[in-house]
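Colleague:
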Amino acid sequence: MIAPGTLRPRALYLHVPFCERLCPYCDFAVHLGGAGLHPRYVDAMALELDTLAETGADPAGAPLTTVFIGGGTPSLLAPELLERLLERVRAGFGIAPGAEVTIEANPSGITSEAAVRWLAAGVTRVSLGVQSLDDDVLRQLGRSHDAATAVAAVERLRQAGVRHLSCDLIYAVPGRPAATFARSLERLLTLNPEHVSCYELTVETGTRLHRQVVRGLVRPPAAAAALRQHWWAVDRLEAAGLAQYEVSNFARPREQSRHNRVYWRGGTYWGVGAGAHGHLAVPLARRLGMPVAPGAAAVRCWNQRSTPRYLAQVEREGQGRAGWEGVQAEQRRLERWLLGLRRREGVRLSTVHARAEAPQLAAAQLVTLDRERVRVTRRGAEVLDQIALRLAG
Amino acid sequence: MPATPIERVRNFSIIAHIDHGKSTLADRLLERTGTVAARDMTEQLLDTMDLERERGITIKAQAVRIVHRASDGLTYQLNLIDTPGHVDFAYEVSRALAACEGAILVVDASQGIEAQTLANVYKAVDLGLALVPVVNKIDLPAAEPERVVAEIERVLGLPAGQTLLASARTGAGIDQVLEAVVERVPAPIGDRAAPLQALIFDSKYDAYRGVIIYVRLMAGRIAAGTQIKMMAGGASFTVDEVGIFRPQMTLVDELAAGEVGYLVASIRDVRDAKVGDTVTNLEDPAAAPLPGYRQVTPMVWAGLYPVEGDAYPDLREALGRLQLNDAALTYEPETSVALGFGFRCGFLGLLHLDIVQERLEREFTLDLITTAPSVAYRVTTHDGAEILVDNPAQLPDASQIDQICEPRVEAELLMPRDAVGQVMELCQERRGEMLHLEYQVGDRALLRYDLPLGEIISDFYDQLKSRSRGYASLDYELRAYRPAELVKLDVLVAGSRVDALSSITHKNRAQLQGRRLVERLKTLIPRQLFEVPIQAAVGGRIIARETVPALRKDVLAKCYGGDITRKRKLLEKQREGKKRMKRVGNVEIPQEAFMAVLRLEQS
């Protein structure tokens, strides 16, 4: 799955952990407040980028084709910090002409001027955390914006010239009927996004939401109810010309996220910033000081999750790694099914085991078999992880 | 060491409830008489298997010789014989008690008499043993020795004046216990000039010396070089050595009538030295064997299968090693569509099965699936053939069966009077036929029942204990086969019959049993990708059905760069769990489901 002849990832994830408030459902690496830390943080990322580039780079050969600046709330960074960051990326790794460069943004505080400067700095795509267009739901989700702010944010981005816009939407919010979600989605469609990520609200351990659920204060909707909202959203988005290309992602033609497709294809990528994960070829990982046992097919590595710890380590050592693991062939096979089945394209049958299993799953209408490709059916998509387990053997 | 004069030998065992201090008392006796130096004491010397110490039960009998100088100035040979304690081993217990003339009855000074004690006391009394009651743990704050002494008099009819007070922990009263054994336990009677008669009350396998036979001599003498013959088994050997346990094996010149010890005779198979058999001289044998020999045969069969198929050779090896020490265990290879290659094993009862399974898992680190236990049925087919079926899956099709006969036992149940009603009710439920009821001395009643063996191998003993608040005891002996209206209850999972889940049951109970079985299986089989129908069927007719609904949802909403490792690890863990399940067609069935048939009654 790593393109032959290249060891170097052509995708880069940059994590900006800062948030103005904590959303009760979020389990990403976040750092509350800390505006004063922004310059120092960008410097640390620059340092980490330099280290990776020096050891693992081949600037002439393979510039990046996708960059994703996620968070946290990267839109909180002042435009000049973002410029500085992308400058360092370009200097160390190169950014290919026509590359996809995405920034995640929160509706609150977006100005046209800032957006203009992002685009000038090389950003090509904005992923906007709309989440809902219902004020009550937004309050419940702990968001800092209301529906009107979100709508205004889209308008400002459009004015600034953003041509590739993705919006996040959340369904299966506890206590909210399907109709509430449906209204949000309808309103979102009037904003004409090129791309929509439509997620079920997931209760992640360690979050405030999880604690509330454990204490019985919040009751998540039953699986069947959540699935009804999901399939309704799929139908509605498809009808509006946004085709489902992954479990939770929908796009107009040629608007799929190239960066995220790298994840689902099992491709390699750099991860820079607090809590960021990387996926690297074994020889490259070794060069970067991550020895792995023989037999590993790839290496997954991750940075310090806490921002202060990340900063301290990078400033000391030039890198912020907290750990890594060699992915054995068998584990890689499981990943391939786990990730690949999420995509509309499905996965090509390769192992004897999968060849034997697939027809049974097809007979139960959990997958379809089209020549050598396995794709999940709607029913199959509901239990995708178990199907992956079954096919991986 | 020459033989001790017979009038100075005392053979006794200790009867006690599980934690009333039997082992501590035994340890103290060994220590006080210098049999074991205090510094060599490991707690509870007698239970040598880890499993025995943990469960507080004795599986193999033990015998220790104590040499004691009594207050009359004479030196006595005291043989302490420790007995196993469960109905599965009731026969072994009776042989160990038959090797004694007396028993110390230990009762906790705060707990009083408990059920297990009572059942064994009844046995000892029936064998004519002299009882030495001892109230133990008198040093504890909660001790009420007077109350317990009175209770012993009331329940067992043992005069209060005869009961001794002791604390095995502090050592108080231990000398009096030793004195009482000398005074009250009668000396054995036996003609040392007569032909040899030695009762085998246990045996164990030693990798270097072969089978070590535990014997009590009833008549004659035995020494190295003696040519011996097993009167029931028929095999003959030359004795290599005779000895005693102190408690380690110690060579002696000879053993004579009245004495207890061991003999080694290059015997390679424990089945050549069966408990209850009589050892005699090859030339000039005794006129008759000792009474009470019983051929110990398996009563219950179950399939043992390795969870992972490639462990089959390990299982075979392990069973072979266990059998060296366990004459009652039998095994032969069998196959199951659901479970693959395994063994059909024969056991004395469920505890025996449990112990074998636990030892296989623990001592040989095997991961096993045990199928529901079954008894052996005699089946006559229309073409006149008679076959023995100990695996329900192998019962011929109902259309071919002329008649099925089930094994019946005669059960002897002892209990306090006020439990008679409850116990009778239980026996009736299990298709029992009452043979005899008798109210005996003191508080006790005796019930004799004719019962189907198949009805008492599951949870009968547990039920009996719970309905008599623990006080009833059970002993049974196989009697005869009798025709019964039995049917095979099959289980179909997702439409395919799972052979390992079949059972044989009475026609009238099939409906209820089938319903409960599918209900139970529904709770044990986890949700799968597909809906899984579970059906119970008798002769192709579905009599009960449940459905395990399909897994509703298992998909991660967001799966990006940072989520992959975590999700994969979660699935890897699930995959490990699935390895412990057996796949039948499309369905993954966990280990516990195969025991569901057995646990049905208990649920």
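Line by line, the protein sequences are chains A and B. Sequence positions in the first sequence follow numbering that gives the first Met the number 0 and run 0 to 392. Sequence positions in the second sequence follow numbering that gives the first Met the number 0 and run 0 to 602. Think of the CB as a built atom: it goes at the ideal place given N, C-alpha and C, for glycine as much as any other residue.
1. Pairing CB atoms from the segment 472-484 of chain B with CB atoms from the segment 405-420 of chain B, are three or more of them under 8 Å?
2. How about B/Leu488 and B/Ser501: do their beta carbons lie closer than 8 Å?
3. Just the C-alpha distance for B/Ile56 and B/Leu350, rounded to the nearest angstrom, thanks.
4. Does the beta carbon of A/Thr201 sit closer than 8 Å to a beta carbon anywhere in chain B?
5. For a quick check, are the C-beta atoms of B/Val134 and B/Leu164 less than 8 Å apart?
6. From the beta carbon of B/Arg582, is the nearest beta carbon of chain A less than 8 Å away?
7. Can you find a C-beta in chain C that's less than 8 Å from the C-beta of B/Glu571?
8. Can a CB atom of chain B be found closer than 8 Å to the CB of A/Gln330?
9. Take A/Arg393 and list the residues in its own chain whose beta-carbon comes closer than 8 Å to its own, dropping the five residues that flank it on each side.
10. What residues from the segment 270-296 of chain A come within 9 Å of chain B, judged by C-beta to C-beta, listed N to C?
11. In the segment 536-564 of chain B, which residues sit with their C-beta less than 8 Å from some C-beta in chain A, listed in chain order?
12. Mind reading off the beta-carbon distance from B/Val374 to B/Val299? Whole number of angstroms is fine, and I expect it under 8 Å.
13. Which residues of chain B have a Cβ atom closer than 7 Å to the Cβ of A/Ser247, listed in chain order?
14. Would B/Ala102 and B/Ser12 qualify as a contact pair, given that the criterion is a beta-carbon distance under 8 Å?
15. Looking at the secondary structure, which residues open and close the beta strand (DSSP E) in which A/Ala232 lies?
16. Check whether the segment 216-228 of chain A touches the segment 46-53 of chain A, counting contact only when three or more Cβ pairs, one atom from each stretch, lie closer than 8 Å.
17. Which bits of chain A does B/Leu491 rub up against, with CB to CB less than 7 Å?
18. Spell out a yes or no on whether the segment 180-187 of chain A and the segment 130-139 of chain A are touching, meaning 3 or more CB-CB pairs, one atom from each, closer than 8 Å.
19. Taking any Cβ of chain B, which residues in the segment 355-371 of chain A have a Cβ under 7 Å from it, in chain order?
20. Would B/Leu139 and B/Ala108 qualify as a contact pair, given that the criterion is a beta-carbon distance under 8 Å?
21. Pop quiz: B/Met229 and B/Asp271 are said to be a contact at Cβ under 8 Å. What is the actual Cβ separation, rounded to whole angstroms?
22. Report the start-end ranges of each beta strand (DSSP E) in the segment 463-521 of chain B that is 3 residues or longer and not cut off at the edges.
23. If contacts are defined as beta-carbon pairs under 8 Å, then B/Pro297 and B/Ala327 qualify, I think. What distance do you get, rounded to the angstrom?
24. Do you know whose CA, among A/Glu371, A/Pro173, A/Ala222 and A/Gly317, lies nearest A/Gln211's CA?
25. Short of 6 Å in beta carbon distance, which residues of its chain neighbour B/Ala483, apart from the five on each side in sequence? Order them along the chain.
26. Starting from the beta carbon of B/Leu528, find every residue of chain A whose beta carbon is closer than 8 Å, and list them in chain order.
27. Could you compute how far the alpha carbon of B/Glu362 sits from the alpha carbon of B/Leu352?
28. Applying the criterion that 16 or more other CB atoms from any shown protein chain within 10 Å of the CB defines a buried residue, is A/Glu199 buried or exposed?
29. From A/Pro358, A/Tyr24, A/Val202 and A/Gly71, pick the residue whose C-alpha is nearest to that of B/Val554; which is it?
30. Can you pull out the residues from the segment 337-348 of chain A whose beta carbon lies closer than 8 Å to at least one beta carbon of chain B?
31. If we ignore side chains and look at the alpha-carbon of each, how far apart do B/Thr162 and B/Ile151 end up?
32. Verify whether the separation of the beta carbon atoms of B/Leu254 and B/Ile212 is less than 8 Å.
33. Do you know offhand how far A/Asn259's Cα is from A/Ser247's?
34. Helix, strand or coil for B/Asn390 per DSSP?
35. Is the CB-CB distance between A/Leu279 and A/Ala292 below 8 Å?
36. Counting along the chain, where does the beta strand (DSSP E) carrying B/Phe236 start and finish?
Modeller: Looking at the coordinates:
1. They touch, by the three-pair rule.
2. Annotated as proximal: B/Leu488 and B/Ser501, with beta-carbon spacing under 8 Å.
3. With a pLDDT of 47 at B/Ile56, under the threshold of 50, the predicted position of this residue should be treated as unreliable, though the coordinate-derived value follows. About 11 Å.
4. Flagged as an interface residue toward chain B: A/Thr201, by a C-beta distance shorter than 8 Å.
5. Going by beta carbons, B/Val134 and B/Leu164 fall inside the 8 Å limit.
6. B/Arg582 does not count as touching chain A.
7. Looking at the structure shown, chain C is missing, and the protein chains on hand are A and B.
8. Residue-level contact check: A/Gln330 touches chain B, since one or more beta carbons of chain B fall below 8 Å from its beta carbon.
9. Because chain A spans 0 through 392 in this model, residue 393 of chain A falls outside it and cannot be assessed.
10. Cβ contacts with chain B: Gly270, Gly274, Ala275, His276, Gly277 and His278.
11. Only those residues of the segment 536-564 of chain B whose C-beta falls short of 8 Å from the nearest C-beta of chain A are listed: Ala549, Leu550, Arg551, Lys552, Asp553, Val554, Leu555, Ala556, Lys557, Cys558, Tyr559, Gly560, Gly561, Ile563 and Thr564.
12. Contact between B/Val374 and B/Val299 holds, since their C-beta atoms are separated by about 6 Å, short of 8 Å.
13. For A/Ser247, the neighbours in chain B by C-beta distance under 7 Å run, in chain order, Ala556 and Lys557.
14. Yes. Within cutoff.
15. Per DSSP, A/Ala232 belongs to no beta strand (DSSP E); it is in the alpha helix (DSSP H), Ala222 to Ala238.
16. The segment 216-228 of chain A is not in contact with the segment 46-53 of chain A.
17. In chain order: nothing, as chain A lies at least about 18 Å away.
18. Because the criterion of three Cβ pairs below 8 Å is met, the segment 180-187 of chain A and the segment 130-139 of chain A touch.
19. Flagged, chain order: Gln359, Ala363 and Leu365.
20. Taking 8 Å as the cut-off, the beta carbon of B/Leu139 is found closer than this to the beta carbon of B/Ala108.
21. That belief holds up - the Cβ atoms of B/Met229 and B/Asp271 are roughly 7 Å apart, short of 8 Å.
22. Listed in chain order, they are 472-482, 485-492 and 502-505.
23. Taking a contact as a CB-CB distance under 8 Å, the pair B/Pro297 and B/Ala327 counts as one, their CB atoms being some 7 Å apart.
24. Comparing Cα-Cα distances from A/Gln211 to each of A/Glu371, A/Pro173, A/Ala222 and A/Gly317, the minimum goes to A/Pro173.
25. If we look at B/Ala483 and ignore the five residues flanking it on each side, its Cβ neighbours are Glu405.
26. Going along chain A in sequence order, the residues near B/Leu528 (Cβ under 8 Å) are Leu360, Ala363, Leu365, Val382, Gln385, Ile386 and Arg389.
27. Cα to Cα, the separation comes out at about 15 Å.
28. Under a 10 Å Cβ-count criterion, A/Glu199 is classified as buried, with 16 or more other Cβ atoms of the shown protein chains found around its own Cβ.
29. It is A/Val202 whose Cα lies nearest to the Cα of B/Val554.
30. Listed by position along the chain: Leu337, Leu338 and Arg341.
31. Answer to the nearest angstrom: the Cα atoms are 8 Å apart.
32. Cβ distance not < 8 Å, so B/Leu254 and B/Ile212 don't count as in contact.
33. Approximately 11 Å, taken between the alpha carbons.
34. B/Asn390: coil per DSSP, three-state reduction.
35. Against a cut-off of 8 Å, the Cβ pair of A/Ala292 and A/Leu279 comes out as no contact.
36. For B/Phe236, the enclosing beta strand (DSSP E) begins and ends at Ser235 to Thr237.
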